[in-house]
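Chemist:
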Amino acid sequence: MSPELETLDQLQSGDLSLAIIANLFPSSEDFGSGVCSLLSSGDVILTMLDGTEVPEWRWRELFRQQSVFGELERLRLKITPQGVRRIG
């Protein structure tokens with residue numbers, strides 16, 4: 176199973192910290208591109224700890240500048256209905 180599909184599978188049980196999600200990928204580069212792909216396709220959304228959704232322009236900036244690695248504990252992924260259908 177690809178790390179992206181494993182991520183969606185794990186998210187079925189609830190939102191997860193990006194620190195946990197990062198461990199599903201073999202490298203930081205794979206993590207960045209995989210999570211960006213999931214976000215871009217609408218399979219997941221990125222949220223702050225309080226549940227506030229991170230706008231697209233902001234998460235794109237975080238991943239492009241790789242500053243996301245300093246924020247792993249403060250950010251979470253949440254699966255969308257589309258993501259559930261993708262693995263269903």
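Quick note on numbering: this note's numbering labels position 72 of the sequence shown as 247, and the sequence is numbered without any gaps.
Ideal placement from N, C-alpha and C gives every residue a C-beta, glycine not left out.
State the DSSP-derived secondary structure class of I192, mapped to helix, strand or coil.
Modeler: Looking up residue 192 in the sequence shown gives position 17. The displayed chain sequence assigns Ser, not Ile, to residue 192. Of the three classes helix, strand and coil, the one that applies to S192 here is strand, per DSSP.
Chemist: Using alpha carbons as the reference points, say which of K253, S215, D184 lies closest to R228.
Modeler: Here residue 228 corresponds to residue number 53 of the sequence shown, with the count starting at 1. According to the sequence as given, residue 228 is Glu; it is not Arg. Of the listed residues, the one whose Cα sits closest to E228 is K253.
Chemist: Which residue comes first and which comes last in the alpha helix (DSSP H) that contains L199?
Modeler: Against the sequence shown, residue 199 aligns to sequence position 24. No alpha helix (DSSP H) contains L199, which DSSP labels as neither H nor E.
Chemist: Tell me the residue span of the alpha helix (DSSP H) that contains R251.
Modeler: Here residue 251 refers to the residue found at position 76 when the sequence shown is read from its first residue. From DSSP, R251 is part of no alpha helix (DSSP H) but of the beta strand (DSSP E) over 250-254.
Chemist: Buried or exposed: R233, going by 16 or more other Cβ atoms within 10 Å of its Cβ?
Modeler: As a first step, residue 233 is located in the sequence shown; it is residue number 58 there, counting from the start. Burial call: exposed.
Chemist: Under the three-state reduction of DSSP, which class applies to T227: helix, strand or coil?
Modeler: Within the sequence shown, numbered from 1, the residue matching residue 227 stands at position 52. Coil.
Chemist: Opposite I220 in the DSSP bridges: which residues?
Modeler: Within the sequence shown, numbered from 1, the residue matching residue 220 stands at position 45. Bridge partners of I220: K253.
Chemist: Pull up the CB-CB distance for R251 and L183, whole angstroms please, since I reckon it's below 8 Å.
Modeler: Here residue 251 refers to the residue found at position 76 when the sequence shown is read from its first residue. Here residue 183 refers to the residue found at position 8 when the sequence shown is read from its first residue. The pair is not a contact, with the Cβ atoms about 14 Å apart (cut-off 8 Å).
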